[in-house]
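Numbering (the working numbering), first residue to last: 137 to 533.
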Amino acid sequence: MILNQDCLTLIIEKLYENKHNSLFSCLLVNRIWCRIVIPIIWKDPCNIYDEIFHFYNNDQRNLIIQEIYKIFMIKCSNIKFLDIIGILQPFYKYPEEEIKISKIQELQCKSNDNPLLFNKLTQICKFIQKFIIIYTNSNIELTKLIESQLKVKYIKIFYMIEDDDILIYQAIMKHSTTINYLDLTIENNLNFINILLPKLINLKKLILHGSLFYRLDLDKQFISSFYPKLQILQLCSISFSIIIKIIQNTEGNLQIIWLGSNKFENVDQNGQLIRTISQHCPNLKYLKIFLKDYYLEDFKQLLINCSLLEGIVIYTDNQYLNYCELDYCKFEIKSLNSFLNNWRNRRSLCLYSVNTEYNNNIDKFNDMIELYKKEGIIKKFKPDKNYNFMNDYKGII
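Structure follows, in structure tokens:
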């Protein structure tokens, strides 16, 4: 019996998915089998990395790693990004290699990475502008590296420690006038945050995550915080009162407000937040916000005042969804036609139909959509029952 090659490929792929250990013996059957098996086994070389290294002692492994580093150093003439997470030994030995490393502008690391690596980078790097850090423990060499840079603009920290450690914040403070992007995920400590945030007067993008931002004792500090250049505000697990104060202390330059899973002390704060956005954000382009039905009039005023809006995402609590099923988002063709007709001379719309019920008017509906597409009022229209339209915002937020 001779197996068709397609059938054989399917069988071997299935065996590979089940991590069958006999696939290596298939290499020796004949050339056809070998041709089929090799691309499958080595589809992802990382899967067999541990198996291969198991046969080498530590010295041999280190030698192989050094040779790999050497290849990168030879081939890469202008290194701008460096990820040292998990690197246990120096990856540069010669002056010409240090010169290449000295040009990096972005570093990704963990605070528990080898202090010797941070120490060496401090000596040879002065132009790192972007730090992405998983912060699990204090590392004085990391803080020295941050402090030694000439112009840090971008800080993103996943903060995961319990002990109070202000060293990292003191290092950031040195660049308080140049940082324009700050992304903090904090679950344990806030002590130095109260001092840090008001110093970052040139922030253009602020992202805050973490349940500790629910704490109301931060309110007083945020009153004195001022963000005249802030353009993007993305907040999750933050109290409404803090959100309101941040927006009130901007100068109308906010273009994106993206809110998720935030906390309000009372329902009235939802209306207060909507009114604050309406009054302070004339240049707003994208908005994601929580909305209760009895603040629709406030939301209407927001739409009038924020005339540059290009995208809106509205979410609500489960009780509200179960109660009225967002009936106000179901449009009759006549109403939708009136809306589109009034949209003339404005930016073209991208429409996503999450739950469309055309009944017997599907032809009429399609004709209307095509008409407005030809006139340039609708840029794009597509059904989207799975809410995939949210992916369109990933390049913006």
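The C-beta atom is built at its ideal place from N, Cα and C for all residues, glycine as well.
Distance CB(Ser312)-CB(Lys335) smaller than 7 Å
Less than 7 Å separates the beta-carbon of Ser312 from that of Lys335.
Sub-7 Å separation of Lys534 and Leu390 beta-carbons
Residue 534 cannot be examined here, being either before or after the span of the chain that is shown, 137 to 533.
From this set, Gln141, Lys509, Asn338, Asn473, which residue's C-alpha is nearest Arg167's C-alpha?
Looking at the Cα atoms, Gln141 is the closest of the given residues.
Quick test of your reading: Leu487 and Ile450, contact by CB under 8 Å. State the CB separation rounded to the nearest angstrom.
Their Cβ separation, rounded to whole angstroms, is 15 Å, which puts Leu487 and Ile450 out of contact at 8 Å.
What residues in its chain sit with their C-beta under 8 Å from that of Tyr192, if we drop five residues either side in the sequence?
Excluding the 5 residues flanking it on each side, Tyr192 has same chain C-beta neighbours closer than 8 Å at Ile200, in chain order.
Taking 7 Å as the cut-off, decide whether the C-beta atoms of Glu234 and Met209 are in contact.
No; because the gap between Cβ atoms is not below 7 Å, this pair is not in contact.
Closer than 7 Å by C-beta to Leu366: which residues in its own chain qualify, once you throw out the five before and the five after it? Chain order, please.
Cβ neighbours of Leu366 beyond the five flanking positions: Leu339, Lys340, Leu342, Thr386, Asn389, Leu390.
Length of the line joining the Cα atoms of Pro364 and Ile337:
Roughly 7 Å between the two C-alpha positions.
Contact under 7 Å by Cβ, Cys245 with Ile220
By the CB criterion at 7 Å, Cys245 and Ile220 fall inside the cutoff.
Sub-7 Å separation of Leu371 and Ile410 beta-carbons
Going by C-beta atoms, Leu371 is not nearer than 7 Å to Ile410.
Which residues in the same chain have their Cβ closer than 6 Å to the Cβ of Lys428, if we skip the five residues on either side of it in sequence?
Excluding its 5 nearest sequence neighbours in each direction, Lys428 has C-beta neighbours in its own chain below 6 Å: Asn406, listed in chain order.
Tell me, which residues are paired with Glu242 by DSSP?
DSSP output for Glu242 lists Phe217, Lys266 as bridge partner(s).
Through-space distance from Tyr430 to Leu457, alpha-carbon basis:
Residue placement at Leu457 is flagged as unreliable, the pLDDT there being 35, under the threshold of 50; the coordinate-derived value follows with that caveat. When rounded, the distance between both Cα atoms is 14 Å.
Helix, strand or coil for Pro251 per DSSP?
Helix, per DSSP.
For Ser361, does the count of other Cβ atoms within 10 angstroms reach 16, so buried, or fall short, so exposed?
The residue in question, Ser361, is buried, as its Cβ has 16 or more Cβ neighbours within 10 Å.
Measure how close the beta-carbons of Ile291 and Leu318 come, nearest whole angstrom, since I'm counting them as under 8 Å.
Right, their Cβ atoms sit about 5 Å apart.
What number of angstroms, rounded off, separates the C-alpha of Leu278 from the C-alpha of Asn198?
Roughly 24 Å separates the two Cα atoms.
Span of the beta strand (DSSP E) holding Phe517?
In the DSSP assignment, Phe517 falls within the beta strand (DSSP E) that extends over 514 to 519.
Quick one: what does DSSP say His311 is sitting in, helix, strand or coil?
Coil.
State the Cα-Cα distance for the pair Ile382 and Ile329, rounded to the nearest angstrom.
Distance between the alpha carbons of Ile382 and Ile329: 14 Å.
With DSSP as the reference, identify every bridge partner of Gln370, one or two as the case may be.
Answer by DSSP bridge pairing, in chain order: Ile343, Trp394.
For Ser489 and Pro519, which I take to be in contact (beta-carbon distance under 8 Å), what is that distance rounded to the nearest angstrom?
Right, their Cβ atoms sit about 5 Å apart.
Got a sec, what are the start and stop residues for the beta strand (DSSP E) Asp319 sits in?
Element bounds for Asp319: 317 to 321.
Using CA atoms only, rank isn't needed, just tell me which of His416, Ile268, Ile260 is closest to Ser284.
Of His416, Ile268, Ile260, the residue nearest in Cα terms is Ile260.
List the DSSP bridge partners of Val449.
Checking the DSSP bridge columns, you'll see Val449 partnered with Lys424.
Please state the DSSP three-state secondary structure of Ser489.
The answer is strand: DSSP assigns Ser489 an E or B state.
Under 7 Å between the Cβ atoms of Leu423 and Ile448?
Yes, Cβ-Cβ distance for Leu423 and Ile448 is below 7 Å.
Let me know if Cys143 comes out buried or exposed under the rule of 16 or more other beta-carbons within 10 Å of its beta-carbon.
Cys143 comes out exposed.
Alpha-carbon spacing of Gln415 relative to Gln384, whole angstroms:
Spanning the two alpha carbons is a distance of roughly 9 Å.
For the candidate residues Phe376, Leu369, Lys500, whose alpha-carbon lies nearest to that of Cys417?
It is Leu369.
In angstroms with no decimal places, state the Cα-to-Cα distance between Phe267 and Ile378.
Going from the Cα of Phe267 to the Cα of Ile378 covers about 26 Å.
For Ser247, which option in Lys256, Asn273, Ile264 has the closest C-alpha, if you only look at C-alpha atoms?
Closest option to Ser247, judged by alpha-carbon separation, among Lys256, Asn273, Ile264: Asn273.
Within 10 angstroms of the Cβ of Ile392, are there 16 or more other Cβ atoms? Answer buried if so, exposed if not.
Burial call: buried.
Within this structure, are the beta carbons of Lys280 and Asn316 separated by less than 7 Å?
No.
Proximity of Glu517 and Ile505 at Cβ, strictly below 7 Å
For the sequence presented, residue 517 should be read as Phe rather than Glu. Yes.
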